[in-house]
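**Student:** In the working numbering, the protein residues as written are 488 to 1006.
Ideal Cβ positions, reconstructed from N, Cα and C, are used throughout, including at glycine.
For clarity, every value in this text was computed on a predicted model and none was experimentally measured.
Please see the structure below; I have some questions.
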Ligand code: AHR
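Take a look at the structure:
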């Protein structure tokens, strides 16, 4: 049934949409959720680092200058891994600028964002921050202006125990123990003409192969991510992936994907349907990896690292910083407050990642603090949770175990960009270790409640523990420093499960987490 056929500007399902039927069965396995699937990202961009994670003058700063309030929120999120230091920033970054005594570190022009980088936070500091935040580091090497030598030296600096030039430099800088970084990015978005040191696919593929060989020669336990396309809209998309992998398939473990949803105030229906395209993107890139695998008659499978994904609102102010004459230090960049609608879109993206957990092993919500982020700080003041904090929190906490393909029969709505789109999107995760099951579900309808009936098989005796809901009567409601709790989840959802039959009403435009376990 297609509800409210409409073009541009149609809102999904204002009328009575009718009900949905779903089937959840622990046998409908997609795959194990890699613990790194809901990682995040801190780039030297805007105020992510300075006055974000690091603010030595802040009243709540710890002995290393890290904001304790931010550390607390990151720990609450349970972020498993954080990509660092970029992003576009890494492509002109010399990691040696950021180690050693702080007062001897140079100030450098950051060519990616037209700002001044003070280097007061660098590799050792970030690894220490990550340790305090209870997370792992995913380190990116510069394959833009730098190359094989810088990358292999950085691996030696971070991972070699001692007795060599760069490991001894780390020790001299006060870090006796190696940082033991397992996951490494071979540059960032090297297909993008905006990237400093941008390369074509053959050039990048050959460089990635050589850098990978040298980095693994230093530490054969590391895992490497080659750059895929910066997005499916790139003109080189498709040929980039296969050409790069033709060169480096045997040397790498993952290929990256990036996607941002850009909100459109006059077409929320299409905005909320973008994860349909994200699903397709993932499946297509997985096929590209498998095409090269077949061509090479390889036994190895290259998996996917979705290491940048989020909703991104840009403003003229952001463009003004990058187009300006001056080189400001840590200016606010990309700090637009998120809405409820954005949070629902982030939930939809997370559902897509879980639905593809057999191929997507690593994911990074881009980013973590201040810049396109779930956590926002006031310099010298408090930190607060954006609306998108909550779906990210929920999937990070409860999206662990085995992802299950939920069979969904839902009414559809019609949108300008994607045609007929289901009002309901859902995925489930079976946590065998804790004998529990979680359904993540979104009602895309802006105007109507969606009744759901479910057949929950193979888990006799299960009941609903809680039904968390993120909703608001105003789809554009935001959390701000003055009103940090305007959009927060509640536990008043009505989901019930008895005798394997699940019933729930999903409020209009809502993110739902239905947790089930043995009663
Ligand atoms: O996350 C912000 C930027 O988006 C990153 O630096 C870049 O990789 C992407 O284009």
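#1: Pick from 858, 820, 597: whose alpha carbon is nearest that of residue 803?
#2: With DSSP as the reference, identify every bridge partner of residue 838, one or two as the case may be.
#3: On a CA-only basis, which of 851, 791, 588, 520 is nearest residue 728? Give me that one, please.
#4: Out of curiosity, what's the CA-to-CA distance linking residue 799 and residue 749?
#5: So does residue 532 have its beta carbon nearer than 7 Å to some heavy atom of ligand 1?
#6: For residue 744 and chain C, any beta-carbon pair shorter than 8 Å?
#7: How should residue 822 be labelled, buried or exposed, when 16 other C-beta atoms within 10 angstroms of its C-beta is the threshold for buried?
#8: Roughly how many angstroms separate the alpha carbons of residue 698 and residue 989, rounded to a whole number?
#9: Is any heavy atom of ligand 1 found at a distance shorter than 7 Å from the C-beta of residue 525?
#10: Since residue 461 and residue 869 are thought to touch, with beta carbons under 8 Å apart, how far apart are those beta carbons, to the nearest angstrom?
#11: CA-CA distance, residue 765 and residue 898?
#12: Quick one: what does DSSP say residue 563 is sitting in, helix, strand or coil?
#13: So within the stretch 635 to 697, which uninterrupted alpha helix (DSSP H) runs reach at least 4 residues, ignoring any that extend past its ends?
#14: For residue 923, tell me which candidate among 906, 967, 499, 884 has the shortest Cα-Cα distance.
#15: Assign residue 994 to one of two classes, buried (16 or more other C-beta atoms within 10 Å of its C-beta) or exposed (fewer than that).
#16: At the level of alpha carbons, what is the spacing between residue 978 and residue 664?
#17: Could you tell me whether any non-hydrogen atom of ligand 1 is closer than 7 Å to the CB of residue 573?
#18: Rank 917, 926, 598 by C-alpha distance to the C-alpha of residue 911 and give the top, closest one.
#19: Between the Cα of residue 852 and the Cα atoms of 571, 513, 651, which residue gives the shortest distance?
#20: Helix, strand or coil: how does DSSP classify residue 848 here?
#21: If I follow the unbroken beta strand (DSSP E) through residue 1003, where does it start and stop?
#22: Could you work out which residue in 882, 824, 807 is closest to residue 840 when comparing CA atoms only?
#23: If you draw a straight line from the C-alpha of residue 545 to the C-alpha of residue 866, how long is it?
#24: Do residue 859 and ligand 1 come close, with the Cβ less than 7 Å from some heavy atom?
#25: Could you name each continuous beta strand (DSSP E) segment of 3 residues or more that falls completely within the stretch 873 to 924, going from the start of the chain to the end?
#26: Please return the same chain residues whose Cβ sits closer than 8 Å to the Cβ of residue 947, not counting the five positions on each side in sequence.
#27: Tell me the rounded alpha-carbon separation between residue 660 and residue 586.
#28: Using 8 Å as the cut-off, can you tell me whether the stretch 605 to 622 makes contact with the stretch 637 to 647, which would need three or more C-beta pairs spanning the two stretches below that distance?
#29: Looking at the strands, I want to know which residues DSSP matches up with residue 790.
#30: Quick one: is the Cβ of residue 675 within less than 7 Å of any heavy atom of ligand 1?
#31: For residue 507, does the three-state DSSP call read helix, strand or coil?
#32: For residue 764, report the span of its alpha helix (DSSP H) as first-last.
#33: Once you ignore the five residues that flank residue 488 on each side, which residues in its own chain have a CB closer than 6 Å to its CB?
#34: If you follow the beta strand (DSSP E) that residue 570 is part of, which residue opens it and which one closes it?
#35: Where does the unbroken alpha helix (DSSP H) through residue 514 begin, and where does it stop?
#36: In or out: residue 491 buried (at least 16 other Cβ within 10 Å) or exposed?
**Tutor:** Considering the structure as presented:
#1: Checked all of 858, 820, 597; the closest Cα to residue 803 is 820.
#2: Looking at the DSSP output, residue 838 sits in no beta bridge, so it has no partner there.
#3: Nearest of 851, 791, 588, 520 to residue 728, Cα basis: 791.
#4: Across the structure, residue 799 and residue 749 are spaced so that their CA atoms are roughly 5 Å apart.
#5: Within 7 Å of the C-beta of residue 532 there is at least one heavy atom belonging to ligand 1.
#6: No chain C is part of this structure, which consists of one protein chain only.
#7: Counting Cβ neighbours within 10 Å, residue 822 comes out buried, since at least 16 surround it.
#8: Rounded to the nearest angstrom, the two C-alpha atoms are 52 Å apart.
#9: No, ligand 1 has no heavy atom inside 7 Å of this Cβ.
#10: With the chain represented from 488 up to 1006, any question about residue 461 goes unanswered, as that position is not in the structure.
#11: Distance between the alpha carbons of residue 765 and residue 898: 21 Å.
#12: The DSSP-derived three-state label of residue 563 is helix.
#13: Fully contained in the stretch 635 to 697 are the following alpha helix (DSSP H) runs of length 4 or more, in chain order: 635 to 646, 652 to 659.
#14: Per the C-alpha coordinates, the member of 906, 967, 499, 884 positioned closest to residue 923 is 884.
#15: With 16 or more neighbouring CB atoms inside 10 Å of its own CB, residue 994 falls in the buried class.
#16: Spanning the two alpha carbons is a distance of roughly 44 Å.
#17: Relative to ligand 1, the beta carbon of residue 573 is positioned inside 7 Å of a heavy atom.
#18: Considering only alpha carbons, the answer is 926.
#19: Considering only alpha carbons, the answer is 571.
#20: Strand, per DSSP.
#21: Secondary structure note for residue 1003: its beta strand (DSSP E) is the uninterrupted segment 997 to 1005.
#22: The residue with the shortest Cα to Cα distance from residue 840 is 882.
#23: About 8 Å.
#24: Answer for residue 859: yes, Cβ within range of ligand 1.
#25: Whole beta strand (DSSP E) segments, 3+ residues: 889 to 891, 894 to 896, 899 to 902, 906 to 909, 911 to 918.
#26: Hits under 8 Å: 987.
#27: Approximately 7 Å, taken between the alpha carbons.
#28: Contact between the stretch 605 to 622 and the stretch 637 to 647 is present, with at least three C-beta pairs closer than 8 Å.
#29: Answer is 741, bridged to residue 790.
#30: Yes, Cβ of residue 675 sits closer than 7 Å to a heavy atom of ligand 1.
#31: Looking at residue 507 - three-state DSSP - the assignment turns out to be strand.
#32: Unbroken alpha helix (DSSP H) run through residue 764: 761 to 782.
#33: Annotation note: pLDDT 37 at residue 488 (below 50); position unreliable, no value reported.
#34: Residues 568 to 571.
#35: Here residue 514 belongs to no alpha helix (DSSP H), and DSSP marks it neither H nor E.
#36: With a pLDDT of only 36 at residue 491, under the threshold of 50, the placement of this residue in the model should not be trusted; the figure read from the coordinates follows. Classified as buried, residue 491 has 16 or more neighbouring CB atoms from the shown chains inside 10 Å of its CB.
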